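K.L.:
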Amino acid sequence: MTRPVPDLTCRDLVELVTDYLEERLSADDRTRFELHLTYCDWCRTYLKQMRQVLATAGKLTEASVAPEARDALLDAFRGWKKGS
Amino acid sequence: MIAYKFLAQGAVSPFTGFRWPGPGEWVGAPAGRDDAWVHACRPADLPYWLDDELWRVELGEPVRAARYQVAAPQARLVSRIVGWDPALGRDYARACALRARDLALSQLTPALRGALDGLDDLQAIADAVQGTRAASMAAGYVSDGAHNALHVGPATTSYIACVLASTLGGGLAAFEAERAWQARWLADRLGLE
């Protein structure tokens, strides 16, 4: 079925945002991504927040995480992979 | 080539946050990065990219044409088109909402069609279709168009009119035809060629 409009849904945009920020989208996909942003204030805010997260968290290294926090995160991810 | 570019307030690129230098200063993509060329609009592309400010830009050669935009390795701002301001944005949103009403008329019940035909007050249009939107997708778009023209802005309102056009039949071709109508409206009101 042909997509009726040259556009993404908000869900599509969330899935593609990392590739967009890392400049890995094709030209067509980037156009569709940005077309969506022109009229969707929610997604524009989301993109802005993602940029802020990257700007802040991107400066962190493994040594920046306290041992207790690292252990808690590892536990959480182990549990998540088990589906619990 | 002279083209056009919408920017956020303060001559800022709306997606990257890049702040453009004043008119006359060239901005270029990194060497070898044709995926990072500067994007701009032909008049027909304008409805797809609305934002706070509209600028006339000069693009350095070569210019690559694409669907809904053009791209070039470098560009510079020439002058701001001051005719694109909040007042014209409201006029445009209103025009798009009324187009949505007209597009939907044939899909509405005779009673609702009679109520809407010739009605050009946006709040009255929104009130008239309130309560019927669940029964009619077209009525829902008319309501959304009127509401967005009054309370949200031209980008969303114009998009709603295009989605309605595509939904009524014709898909992408109808969507683009509605964008073409909107481009003519903008070019006419802004004096663009």
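Sequence order for the protein chains is W and E.
Under this note's numbering, read the first sequence as residues 11 to 94, first letter to last.
Under this note's numbering, read the second sequence as residues -7 to 185, first letter to last.
By construction, the Cβ of each residue, glycine as well, lies at the ideal position given by its N, Cα and C atoms.
Keep in mind it's a predicted model, so treat the numbers as computed, not measured.
Under the DSSP definition of a beta bridge, which residues are partnered with Glu50/E?
P.N.:
Ile(-6)/E and Arg68/E.
K.L.:
In chain W, which residues lie less than 8 Å from Gln61/E when you measure between Cβ atoms?
P.N.:
Neighbours of Gln61/E on chain W, chain order: Thr41.
K.L.:
So the candidates are Ala32/E, Val74/E, Arg48/E and Phe10/E; which of them puts its Cα closest to the Cα of Val62/E?
P.N.:
When each option's Cα is compared against that of Val62/E, the closest is Ala32/E.
K.L.:
How far does the beta strand (DSSP E) with Val30/E in it extend, from its first residue to its last?
P.N.:
It spans Val30 to Ala32 - the beta strand (DSSP E) in which Val30/E sits, taken as one unbroken run.
K.L.:
Is DSSP giving Ala183/E helix, strand or coil here?
P.N.:
First, the amino acid is wrong: residue 183/E is Gly here, not Ala. DSSP places Gly183/E in coil when its eight states are reduced to three.
K.L.:
Run through the region 145 to 170 of chain E for me and flag every whole alpha helix (DSSP H) of 4 or more residues, listed as ranges in chain order.
P.N.:
Whole alpha helix (DSSP H) segments, 4+ residues: 146 to 159.
K.L.:
Which residue wins for smallest C-alpha separation from Ala169/E, given the options Gln115/E, Ala36/E and Tyr(-4)/E?
P.N.:
Considering only alpha carbons, the answer is Ala36/E.
K.L.:
On the criterion of 16 or more Cβ atoms from any shown chain inside 10 Å, does Phe87/W qualify as buried, or is it exposed?
P.N.:
Exposed is the call here.
K.L.:
What's the gap between the Cα of Thr149/E and the Cα of Arg34/E?
P.N.:
Straight-line Cα distance between these residues: approximately 21 Å.
K.L.:
Pull up the CB-CB distance for Ala186/E and Leu42/E, whole angstroms please, since I reckon it's below 8 Å.
P.N.:
There is simply no residue 186/E to check, as chain E begins at -7 and stops at 185 in what is shown.
K.L.:
In angstroms with no decimal places, state the Cα-to-Cα distance between Ala172/E and Ala79/W.
P.N.:
Approximately 55 Å, taken between the alpha carbons.
K.L.:
Roughly how many angstroms lie between the CA atoms of Ala179/E and Gly75/E, to the nearest whole one?
P.N.:
When rounded, the distance between both Cα atoms is 11 Å.
K.L.:
Could you spell out where the beta strand (DSSP E) holding Ala58/E opens and where it closes?
P.N.:
Run containing Ala58/E: Arg56 to Ala58, per the beta strand (DSSP E) assignment.
K.L.:
Under 8 Å by Cβ, that's how I've got Gln118/E and Ser98/E pegged, so tell me the actual separation to the nearest angstrom.
P.N.:
Just to set this straight, residue 118/E is Ala in the shown sequence, not Gln. With 8 Å as the limit, Ala118/E and Ser98/E do not qualify as a contact, their Cβ atoms being about 20 Å apart.
K.L.:
Taking a cut of 8 Å between CB atoms, which residues from the region 23 to 56 of chain E lie near chain W?
P.N.:
Cβ contacts with chain W come from Asp27, Ala28, Tyr40, Trp41, Leu42 and Asp43.
K.L.:
Distance check for Leu70/W and Val63/W, CA to CA, integer angstroms please.
P.N.:
Cα-Cα distance, rounded: 11 Å.
K.L.:
Assign Val121/E to buried or exposed, taking buried as 16 or more other Cβ atoms, counted over all protein chains shown, within 10 Å of its Cβ.
P.N.:
Buried: at least 16 other Cβ atoms inside 10 Å.
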